[in-house]
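Colleague: Quick note, the sequences are listed as chains A and B, same order.
For the first sequence, the positions run 1174 to 1469 when my numbering is used.
For the second sequence, the positions run 228 to 621 when my numbering is used.
Beta carbons: idealized from backbone N, C-alpha and C, even for Gly.
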Amino acid sequence: MSNQNPTSSAAPADRAARDMDPAIADVVAPERDIAVEVGENIMEIKNLSVKFGGLVALDDVSFTIKRGEILGLIGPNGAGKTTCFNVMTGVYKPTSGQVLLEGQSIGGKLRHQITRLGLARTFQNIRLFGEMTALENVVVGLDARHKTSVVGALLRLPRHRREERTAIERGMALLEFVGIADDAAMLSRHLSYGHQRRLEIARALATDPKVLCLDEPAAGFNPAEKEDLMALIRAIRSDGYTVLLIEHDMKLVMGVTDRIVVLEFGKKLADGLPVEIRNDPRVVAAYLGEPEDDVA
Amino acid sequence: MSTVDGPTLMPDSESAKDAIDRDTRRGTRKRWAQPLRNKWNDLPRVQQWGFLLVVVAVAYLLPVINPLLITTEPGTDWPIACFQMSVFALGALGLNVVVGYAGLLDLGYVAFFAVGAYTAAMLTSPDSPFVHIPYLWTVPVAMAVTMFFGVILGVPTLRLRGDYLAIVTLGFGEIVRILATIIPAMKGQVGFQNVGRPPGSGADGVPIFSNSNGTPWYWLTLTVTIIVLLLAGNLERSRVGRAWVAIREDEDAAEIMGVPVFKYKVWAFAIGASVGGLSGALFAGANGFVNNQKFDVVTSILFLAAVILGGAGNKVGVLLGAALVVYIPLRFTAIAPYKYLIFGLALVVLMIFRPQGLFAARQRLLAYARAAYTRVARRDAAESPSQPSKREAK
């Protein structure tokens, strides 16, 4: 695993990158019909409001995520990014409004059911299963699509054996994809910080999501690591996944996303292409500081 | 990927702590335990099985050999002591599923043991007004009944976490004991005499399974324990075991990764309970007598102590821990009156110096990972021959 730089070019508008063969998606979910065309809405967030007591964390926020795109969700600290994320993944219940995944409301669904609908996430503060190896962590994610019953596992029925075998292959392929296959046998809490972040992404991908939500995946990375991460995120998108990215680092967001939604004080401030966002005076005032800053 | 090995920023204290933890790991800690486990894992399957065969043979011969110095006689008949160890170990194995794998603190585990014992007694003892069935049939019935009780207890309580669950299970344990006292059909302290036993008698007409001869009961319990051990191993190396450990490690993260947390918690309770019931039924048969005196909180705590002492989550460690907990007061009768004091102190010392238990071993949660791990290790070794290989977790 010296280098797994994907073939997608740096320009986010370059749709040709999507035509590469969807290697990892093929391994993880060979049964799935993989659509890499950017097109119809895969996820809709409609008039979402969340109140914690008197505090309004989200106020009537609406946006959509299109199939096959990388959408950035940005905003200053406390703008409601993570709250929005938590509502979308079922951790919080919204006060009002709804979240639709492929037209289906996730309201009232349990968290593990939402994952099976096709929404996976990573955590801002890494939350791996520390006493499991890297490979086992990924296989927990793969289990979301497994159908073995408790009795089947108890008696090692054929389906169990088949699923276990393919799980090892797929798990190793995923670790290879994120570049930490050499650490497969290591306990996840012994992995280095950067590898733990990558393992979180691999574990989320293992649940075979339609939309992958990354919550500040570059936190604590140095510039070179961020560069690698951008390449990885592009590679994930090239494989037919839709990515929602929460990120602080402007360079990363501008470099990798197709579209950006800006939140401020729980409200949606703007929504558009990175170029538009960068030049939007409201966004600049709220968040980016001076226009000629290190953004470019 | 060359850059990830470069300097990493440490944005918060948590990752800094992780780094320190990592360094100490690679340094001194647990070094003495590492070579043995690696050596065991590196052995070919055939040799592992061969070694296990010897261990099992010794275990079966244990009551017959009656080894000097180890024996509990003259205080307690050695075969009966062997049986007591094995039946307690079987129960602890069930509790290990709940506490060791799923990380659910159950302080009322003796309730399931009691339900199993009472089920066997009430279906076989002539003192009981109920239907009578052959003893061996009561064993699966006892498992089914305790499993049912496990689900009954689990469904309303398993939404609770940590301390709250511990308190509720503690209450449940007491409720079962008190019910046995106040319900007339359960005969309180008078109890049930002449609990059934498996059929069969020797050439001289003496029944093989008698209350005074522990050896056949020990062999029966040991056989059952081995079967349970194998089945528990199957569960461990499946999505079920992974779900349990994931719940233990981080319940919220597990749920978000698609683990139906509640369902698997109830399964852990039900499976743990049924093994407890199984051991209770064997206990009732071998003792031939069941009343409400044996099923108090202290026994629950002893089960828990056995699991913690042996190493929560490690099946074999738990077996040995349970055997020790029963063995020590039987062997050293002089200190038997102080056993709770000694176990208490031992647990405190253990928590300070070795919180993972005497025989700490991590669970192996994949059925077919051996080949993949070996491949990785080999590649590691090929890439960096000077570096120690990263196989600590295997």
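Apply the 10 Å Cβ neighbour rule to Gly389 (chain B) and answer buried if 16 or more other Cβ atoms are within range, or exposed otherwise.
Modeller: Answer is exposed; the Cβ neighbour count stays below 16.
Colleague: Grouping DSSP H, G and I as helix and E and B as strand, with all else coil, what is Ala609 (chain B)?
Modeller: Of the three classes helix, strand and coil, the one that applies to Ala609 (chain B) here is helix, per DSSP.
Colleague: Can you tell me which of the three DSSP states Phe376 (chain B) falls into?
Modeller: Helix, per DSSP.
Colleague: If you draw a straight line from the C-alpha of Asn1214 (chain A) to the C-alpha of Gly1241 (chain A), how long is it?
Modeller: One C-alpha to the other measures close to 10 Å.
Colleague: My output table needs one value for Lys542 (chain B): the three-state DSSP class, helix, strand or coil.
Modeller: In the structure shown, Lys542 (chain B) sits in a helix (DSSP, three-state: H, G or I).
Colleague: Let me know if Glu1420 (chain A) comes out buried or exposed under the rule of 16 or more other beta-carbons within 10 Å of its beta-carbon.
Modeller: Under this definition Glu1420 (chain A) is a buried residue.
Colleague: Ends of the beta strand (DSSP E) at Gln311 (chain B)?
Modeller: Note, Gln311 (chain B): premise wrong, no beta strand (DSSP E); alpha helix (DSSP H) at Trp305 to Asn323.
Colleague: Taking C-beta pairs closer than 7 Å, name the residues in chain A that Ser501 (chain B) reaches, listed in chain order.
Modeller: Here the premise fails: no neighbours, minimum Cβ distance about 11 Å.
Colleague: So, at 6 Å on beta carbons, what are the nonlocal neighbours of Ala308 (chain B) in its own chain, with the 5 sequence-adjacent residues on each side left out?
Modeller: Excluding residues within five positions, the ones whose Cβ falls inside 6 Å are Thr299 and Leu557.
Colleague: What would DSSP say about Thr299 (chain B), mapped onto helix, strand or coil?
Modeller: Coil.
Colleague: Using a Cβ-Cβ cutoff of less than 7 Å, which residues in the same chain neighbour Ala1326 (chain A) once the five nearest sequence positions on both sides are dropped?
Modeller: So the qualifying residues of the chain are His1333.
Colleague: Could you round the C-beta distance between Ala646 (chain B) and Val372 (chain B) to whole angstroms and report it? I think they count as a contact, below 8 Å.
Modeller: Because residue 646 (chain B) is not part of the residues shown, which for chain B are 228 to 621, the question remains open.
Colleague: Using CA coordinates, which residue listed in B:Ile379, B:Lys521, B:Gly400 and B:Thr346 is at the minimum distance from Ala412 (chain B)?
Modeller: Checked all of B:Ile379, B:Lys521, B:Gly400 and B:Thr346; the closest Cα to Ala412 (chain B) is B:Thr346.
Colleague: Who are the near neighbours of Val382 (chain B) in its chain, counting only those whose CB is closer than 7 Å to its CB and skipping five residues on each side?
Modeller: These residues qualify, in order along the chain: Val493.
Colleague: Measure the beta-carbon distance from Gln1297 (chain A) to Thr1255 (chain A) and round it to whole angstroms, keeping in mind my assumption that it falls under 8 Å.
Modeller: About 6 Å; that satisfies the 8 Å criterion.
Colleague: Do the segment 331-341 of chain B and the segment 525-543 of chain B meet, that is, are 3 or more Cβ pairs less than 8 Å apart?
Modeller: The answer is yes - the segment 525-543 of chain B touches the segment 331-341 of chain B, with three or more Cβ pairs under 8 Å.
Colleague: So Val1272 (chain A) is in the beta strand (DSSP E); what residue range does that whole segment cover?
Modeller: Where Val1272 (chain A) is concerned, the enclosing beta strand (DSSP E) stretches over Ser1269 to Leu1274.
Colleague: Could you tell me the distance, in whole angstroms, from the CA atom of Leu1315 (chain A) to the CA atom of Lys490 (chain B)?
Modeller: So the two alpha carbons sit approximately 18 Å from each other.
Colleague: Here's a check: name, in chain order, each residue in its chain whose Cβ is nearer than 8 Å to the Cβ of Gly1303 (chain A), leaving out the five neighbours to either side.
Modeller: Leu1360, Ser1361 and Arg1362, listed in sequence order.
Colleague: State yes or no: is the beta carbon of Ala473 (chain B) nearer than 9 Å to at least one beta carbon in chain A?
Modeller: Yes - at least one Cβ of chain A is within 9 Å of the one on Ala473 (chain B).
Colleague: Using 9 Å as the threshold, is the C-beta distance between Thr1415 (chain A) and Leu1385 (chain A) below it?
Modeller: Yes. Within cutoff.
Colleague: Met578 (chain B): buried (16+ other C-beta within 10 angstroms of its C-beta) or exposed?
Modeller: So Met578 (chain B) ends up on the exposed side.
Colleague: In terms of residues, what are the limits of the beta strand (DSSP E) holding Ser1235 (chain A)?
Modeller: Counting along the chain, the beta strand (DSSP E) containing Ser1235 (chain A) begins and ends at Leu1228 to Lys1239.
Colleague: Measuring CA to CA, which of A:Ile1409, A:His1319, A:Glu1400 and A:Val1264 is closest to Val1426 (chain A)?
Modeller: Closest by alpha carbon: A:Glu1400.
Colleague: Starting from Gly1314 (chain A), find everything on chain B with Cβ-Cβ shorter than 8 Å and list it in chain order.
Modeller: Simply Met484 and Gly485.
Colleague: What does a CB cutoff of less than 7 Å around Leu625 (chain B) pick up in its chain, not counting 5 residues either side in sequence?
Modeller: No statement about residue 625 (chain B) is possible, as the shown extent of chain B runs from 228 to 621 and does not include it.
Colleague: Against Leu1327 (chain A), what residues of chain B qualify as contacts under a CB-to-CB distance less than 7 Å, listed in chain order?
Modeller: Near Leu1327 (chain A) (Cβ distances below 7 Å), the residues of chain B are Leu458, Asn461 and Leu462.
Colleague: Just confirm the distance between the C-beta atoms of Ile1409 (chain A) and Leu1436 (chain A), as a whole number of angstroms; I'd bet it's less than 8 Å.
Modeller: So it is not a contact: roughly 23 Å between Cβ atoms.
Colleague: Identify, in the order they occur along the chain, each residue of the same chain with its Cβ nearer than 8 Å to the Cβ of Ala1358 (chain A), setting aside the five sequence neighbours on each side.
Modeller: If we look at Ala1358 (chain A) and ignore the five residues flanking it on each side, its Cβ neighbours are Thr1306, Ala1307 and Leu1308.
Colleague: How far does the beta strand (DSSP E) with Ala1293 (chain A) in it extend, from its first residue to its last?
Modeller: Taken as a continuous stretch (DSSP letters only), the beta strand (DSSP E) holding Ala1293 (chain A) covers Leu1292 to Arg1294.
Colleague: Pairs of beta-carbons, one from the segment 508-515 of chain B and one from the segment 390-410 of chain B, closer than 8 Å: are there three or more?
Modeller: Because the criterion of three Cβ pairs below 8 Å is not met, the segment 508-515 of chain B and the segment 390-410 of chain B do not touch.
Colleague: Mapping the DSSP letters down to three states, classify Val517 (chain B) as helix, strand or coil.
Modeller: Looking at Val517 (chain B) - three-state DSSP - the assignment turns out to be strand.
Colleague: When you compare only the Cα positions, how much space is there between Asp245 (chain B) and Tyr1366 (chain A)?
Modeller: In this prediction, Asp245 (chain B) scores a pLDDT of 48, lower than 50, which makes its location untrustworthy; no coordinate-derived value is stated.
Colleague: For Asn1310 (chain A), is the classification buried or exposed, using 16 other Cβ atoms within 10 angstroms of its Cβ as the cut-off for buried?
Modeller: That one is buried.
Colleague: Here's the rule: buried if 16 or more other CB atoms are within 10 angstroms of the residue's CB, otherwise exposed. What is Thr560 (chain B)?
Modeller: Label assigned to Thr560 (chain B): exposed.
Colleague: Identify every residue that forms a DSSP beta bridge with Gln1277 (chain A).
Modeller: Answer is A:Leu1274, bridged to Gln1277 (chain A).
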